[in-house]
Amino acid sequence: MARRTRTGYRDVFSTCHPAINFFYFASVMLCGMFFLHPVFLGISLVGSVAYAILLKGERTARFYLWGLVPSILLMALVNPLFNHQGVTILLYVNNNPLTWESIAYGLAAAVMLFSVASWFSCYGVVMTSDKFLYLFGRVIPALSLVLSMALRFVPRFQAQARVISNGQKCVGRDASNGNLVQKLRNGMTILSILVTWALENAIETADSMRARGFGLKGRTSFSLYRFDSRDRCVLLVLLGLVAVVLLGAATGENDILYFPRIVVKPLSWWSAVVYLAYGALCLLPLILEGLEAYKWHRLRCKA
Amino acid sequence: MASIALQSLTFTYPQREIPALREVSLTVGEGEFLVLCGKSGCGKSTLLRHLKTVLTPHGRRSGEILLDGVPLQQVDQRTQSARIGYVLQDPENQIVTDKVWHELAFGLESLGMDPPTIRLRVAEMASFFGIQGWFEKSVTELSGGQKQLLNLASIMAMQPDVLILDEPTSQLDPIAASEFLQTVLRINRELGTTVILSEHRLEEVLPMADRVVVLEAGAILCQGTPRQVGKALKTLNSDMFLAMPAPMQIYAGVQSSDPCPLTVREGREWITRAFPQPLPRQELPGPEPDRGEAAVVLKEVWFRYERHGEDVIRDLSLTIPKGRFTCIVGGNGTGKTTALSLISGIQRPYRGKITLFGKEISRYANRELFQGMMGVLPQNPQTLFVKKTVKLDLEEILKGRGIPHQEREKRVLEMARRLQLQDLLEMHPYDLSGGEQQRAALAKVLLLEPKILLMDEPTKGLDGHMKQTLAAICQDLLDQGVTILMVSHDIEFCARYAHRVALFFQGSVVTENTPRAFFSGNSFYTTAANRMARHRFPTAITNEDVIEQWNRNKP
Amino acid sequence: MEQEQTLARRARRRRTLLTALLVLLVMPGTILFGVYCLDDRKYYFISLLLILYTMVPFLLVFERRRPQARELMILAVMSALAVASRVAFFMLPQFKPITAIVILTGIALGPQAGFLTGAVSGFLSNFFFGQGPWTPWQMFSFGILGFLFGLLFYGRRRPTTARGQRLWLVLVSLLGFVGVMVVYGPLMNLSAVMMMTPQVTWSMFWASVVVAIPMDLVHAGSTALFLLLLTRPILEKLERVQIKYGLLETPPTSR
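Protein chains in written order, with my numbering: chain R, 1355 to 1657; chain X, 78 to 632; chain H, 3 to 257.
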């Protein structure tokens, strides 16, 4: 989240190079979206939820427990209403068959959706705006600058909107009571004042940019990040795991057929390897955190 | 290091007859600290903007600007960007990016430096300014003073030879302003950077200056060392004195053959020399006997913004007498502005009572409160402007109240006359100067005919002349029986014009009295005139007081 | 000088044509290709690709032009306003002016600025309210609205009579309503369906459309209302800064 400050403790994975963060999330999200095999789904869900709890703490855990389970069940039940494929018919509703396959399929889709959403919430915490701008600042320098400026403007405009709204209240136009039309009209006035204020004051910002040489040829982009040897290690492990998982996908380890009948590849030593690799991939941030905790423990014991 | 020379520079804005700058010739030597002063609208900003091509306004121009003897137009943009640093007035508007480190690096990125060099430069600057602690912060987390320091640091990271500052402290409170100016002085003294600074609050800046240039109506009125300028202004009998520090103003008002004092210390010594013996003790004024009817009464008021937050207002009891001018002074974050928002009903206290004319504030309907009872002038007048001309904007406030069109127009014109806005009615509110914008906003508030007027820092960014205009308007309102409550850092203004002054500390009023009793009783928190003359004239709190007592006691 | 201007104008027209071509031909082509040549499981993949497709040319054209400080500034301000403006309507939570502001930027500053403002606003708002799989979709939907309105209205002469102006306003806000119902709504529903289930069926899509109708109606209605009330003041303000500060009027080369 943009609002999150970088003070206080950050987990180990967040301190890795932004390119690794981004690559990691891109791989787990894509895998999470495309693998509908129950084992893969389960691993992705566990990994993403565990990481979200590590990042956001206990309250998130409770939210997941009470929000996640019922909604997954609900979604599992909605799918069969639209989908009547499958051979294992459980019962008929309004002359439409309710099949075990379509329930299983709905369940799988729901788990997939939630693990992806959960990965996204982790992404929001780990990939701060700085990191994003750093990664894309070289490819799209002008737009990433626009984004950086806009990120500064949004809180500023919000604060200003509140100031304006209080100012309007003081001339007898309270936006929080009155009927719909009055509220709307007051809102419009506030917005109108805000727009003028923002546009007129932005000119000075543009002047300040030009005074500092913006627009000269050959602009570079500075960052706080450095790709160090630990990042190299993490990247190698990451690439290895992704390679195994992709190889597994190529050999059909993640294939599953839901209709007309659920068909999966039987378990073999190779599939076990792929599962393990996928597990390690999804739990990578937690593994890194664990390793670091162990290191601290050892350091303290020695001292 | 660099020197700058202006050779009979004349400049006229498009569609204007009168030139904004007239035959200005000026040289600024290497490493010099030059202060440019003059009334608002005298052409200070226009002059400064000519010193950097990208900021130069459009218009007709003659004369030459030389940087180290080379005409500025021939100096390429890259060199100009690197060598001439420019800090603007508003701390907020100048910041481009959302992170402190990015802001510090911005100029260096533009110059195309490689990351290791940028890292070094930024680290150097952050250490010089002592702002390492903010490095990874969001810009939003900084205070106004910190933001302006950040602007300065991000300019200095480019290691300019010349630093130009256009009223850099006008939006800061006195303590932040002082810190900022000390940093500028350090840059000048320790790095040898040439500094050209324009200001209207000169108390602190003038003693730092090697040379002072006074502009009037686009032309140089006089220039020289601060003392020379003091003398020159005295002989010219110019009203530019209003902008000068208190010791100089007092010096101008009395007969003395000594050199002009610049600082409070020098002023004190000068008075001691003139009056070697202590004078007969003067009686400090007693409390005001009759305080009349109360307009606003706060009784044991407590307030905090969040349930589990800290108390911002603690046990505040205050009575604001009707028809008088009351000022609340005090440091930053002591709850002054919050107190205003409580009195105006924007916030509600969680304990205690606020009554307006004997009726509790929560009993007033919103309409009743803000139309004809309470007028609030916000700190930033721009937050009130809606329409594209001042006239439409003033009429807008009267709409929807069942007033016929002709009557509306009559009232607007009458108000414009009272606040000297007649010539500005057709202009866009954002094209007005700071002081004019404030008058326009005040006119808007006054059209609601308030009985109580609340003002938050109305003198911020105003020069001495505009402050006089504001004071005259306040007097006019007081004559009509309006009660005025003002929150301010400007103790000089309060000392001169207020009827009562209250000092805020830790969310409550520590002491409250008439200005004379209040300021002559304090030893730090008092006017420069009082600090300078208190050992001889303890009851003198304004420059005029000191001059008057001097003349009375001098045979 | 004149020749230069005509050249610049021609280049601008060519760019607009190119972008229009991309938006109207290449993208549907990819959809068809995806539908017929790839497995239906790859829906999300195709759509993501499609979204990226559309954004790339805009970004490239913009970056290659080396925009000036004031141009960047106005895009940043409009995007931030689009996101921050909901604070002004805190008491009417379902009223979000973001779409209206994007549309107005397109009308005032042209299709490209409209698209970029839309895309940046979409991205930005998700920075503040949580990124998700819907982010690229939202960026695209806002962007395309800004683009379409820029194509329709940018640089066209506006009626001068009071009656004509009123009609023009009504037209803009009606089109805003239609735009949300026909462009934004369906696109976002499609994305929701594709997120929900890898196996997209028409019935599912229609069901989602039906479910979303009340929300879409509120969104479209509020957008139309905003356009009706905001178009004139905001266009006026944008024109004013353009004139006052010579914004966007001189091409960067002539400086």
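Virtual Cβ for every residue (Gly too), placed ideally from N, Cα, C.
Environment of residue i [buried if 16+ CB atoms lie within 10 Å]
i	result
Q150/X	exposed
F131/H	exposed
K464/X	buried
S2/H	Not covered by the structure: residue 2/H. The range shown for chain H is 3 to 257.
M3/H	A caution first: M3/H carries a pLDDT of 45, below 50, which makes its placement in the model too unreliable to give a value.
G422/X	buried
L1642/R	buried
P1372/R	buried
Y1378/R	buried
L169/H	exposed
A372/X	buried
D42/H	Any answer about D42/H is weak, because its pLDDT of 46 lies below 50 and its placement is not dependable; what the coordinates show is given next. With fewer than 16 other Cβ atoms within 10 Å, it is exposed.
E1607/R	buried
R1510/R	buried
Extent of the continuous beta strand (DSSP E) to which residue i belongs
i	result
R577/X	577-582
K430/X	428-433
E141/X	137-144
G82/X	Here the sequence assigns Ala to residue 82/X, which means Gly is not the residue at that position. Note, A82/X: beta strand (DSSP E), 81-89.
R391/X	388-398
R1615/R	Looking at the DSSP string, R1615/R is not in any beta strand (DSSP E), and its letter there is neither H nor E.
V79/H	Counting along the chain, V79/H falls outside any beta strand (DSSP E), though it belongs to the alpha helix (DSSP H) covering 71-86.
C404/X	402-407
Which residues DSSP lists as bridging residue i, in chain order
i	result
Y1446/R	P1451/R
P148/X	L143/X
L242/X	V164/X, L274/X
K468/X	K468/X pairs with nothing; no bridge assigned.
R531/X	The sequence given here has Leu at residue 531/X, not Arg. V453/X, L562/X, per the DSSP bridge assignment.
E437/X	T432/X
N-terminal and C-terminal residue of the alpha helix (DSSP H) that residue i is part of
i	result
G210/X	Per DSSP, G210/X belongs to no alpha helix (DSSP H) and is neither H nor E.
A372/X	First-last for A372/X: 371-381, but that is the beta strand (DSSP E), not the alpha helix (DSSP H).
C299/X	From DSSP, C299/X is part of no alpha helix (DSSP H) but of the beta strand (DSSP E) over 296-301.
N590/X	Careful: N590/X lies outside any alpha helix (DSSP H), inside the beta strand (DSSP E) at 585-590.
A234/X	From DSSP, A234/X is part of no alpha helix (DSSP H); its letter is neither H nor E.
T104/X	Taken as a continuous stretch (DSSP letters only), T104/X belongs to no alpha helix (DSSP H), being part of the beta strand (DSSP E) at 98-105.
C114/X	Per DSSP, C114/X belongs to no alpha helix (DSSP H); it is in the beta strand (DSSP E), 110-114.
Y1378/R	1372-1388
E258/H	This structure leaves residue 258/H out entirely; chain H is present only between 3 and 257.
L525/X	Neither: L525/X is in no alpha helix (DSSP H) and is coded neither H nor E.
| said: What are the residues in the stretch 1400-1416 of chain R lying within 9 Å of chain X by C-beta distance? | reply: none
| Under 8 Å (Cβ pairs) to chain R, residues found in the stretch 177-210 of chain X | W178, H179, A182, F183, G184, L185, E186, S187, L188, G189, M190, D191, P192, I195, R196, V199
| field | Near-chain H residues of the stretch 456-483 of chain X - C-beta to any C-beta below 7 Å | value | K465
| Interface positions of the stretch 394-418 of chain X facing chain R (Cβ-Cβ less than 8 Å), listed along the chain | S418
| message | Could you check whether the stretch 108-117 of chain H touches the stretch 153-165 of chain H, counting it as contact only if at least three pairs of C-beta atoms, one from each stretch, sit closer than 8 Å? | response | yes
| How about the stretch 529-537 of chain X and the stretch 477-489 of chain X: do they share at least three Cβ pairs that are nearer than 8 Å? | no
| field | the stretch 134-145 of chain X / the stretch 1518-1532 of chain R touching (three or more Cβ pairs under 8 Å) | value | no
| Per the contact definition of three or more C-beta pairs closer than 8 Å, is the stretch 344-351 of chain X in contact with the stretch 605-616 of chain X? | yes
| task | May I ask you to list, following chain order, the residues of the stretch 1541-1556 of chain R that have a beta carbon less than 8 Å from some beta carbon of chain X? | result | T1543, S1546, I1547, T1550, W1551, E1554, N1555, A1556
| query | Along the stretch 606-627 of chain X, what residues have a CB closer than 9 Å to any CB found in chain R? | reply | none
| At least 3 beta-carbon pairs within less than 8 Å: the stretch 86-97 of chain H vs the stretch 1539-1553 of chain R | yes
| Listed from N- to C-terminal order along the chain, which residues in the stretch 228-244 of chain H have their beta-carbon within a distance smaller than 9 Å of any beta-carbon of chain X? | P235, E238, K239, R242
| query | Contact between the stretch 156-164 of chain X and the stretch 238-254 of chain X: three or more CB pairs below 8 Å? | reply | yes
| query | At a cut of 8 Å, does the stretch 286-301 of chain X reach the stretch 110-129 of chain X through at least three beta carbon pairs? | reply | yes
| query | Counting Cβ pairs, one atom from each stretch, are 3 or more of them under 8 Å apart for the stretch 1452-1469 of chain R and the stretch 1608-1626 of chain R? | reply | yes
| query | Is it true that the stretch 1496-1511 of chain R meets the stretch 1468-1487 of chain R, where meeting means three or more beta-carbon pairs spaced less than 8 Å apart? | reply | yes
| query | Closer than 8 Å, Cβ to any Cβ of chain R: which residues of the stretch 231-242 of chain X, in chain order? | reply | S231, I232, M235
| task | Below 8 Å between beta carbons is the criterion; list the residues of the stretch 77-103 of chain H that meet it against any residue of chain R, in chain order. | result | L77, A78, V79, S81, A82, L83, V85, A86, S87, V89, A90, F91, F92, M93, L94, F97, P99
| task | Mind the definition here: the stretch 251-270 of chain X touches the stretch 178-196 of chain X only if three or more C-beta pairs lie below 8 Å; say whether that holds. | result | no
| field | Three-pair Cβ contact test at 8 Å for the stretch 133-153 of chain H versus the stretch 200-214 of chain H | value | no
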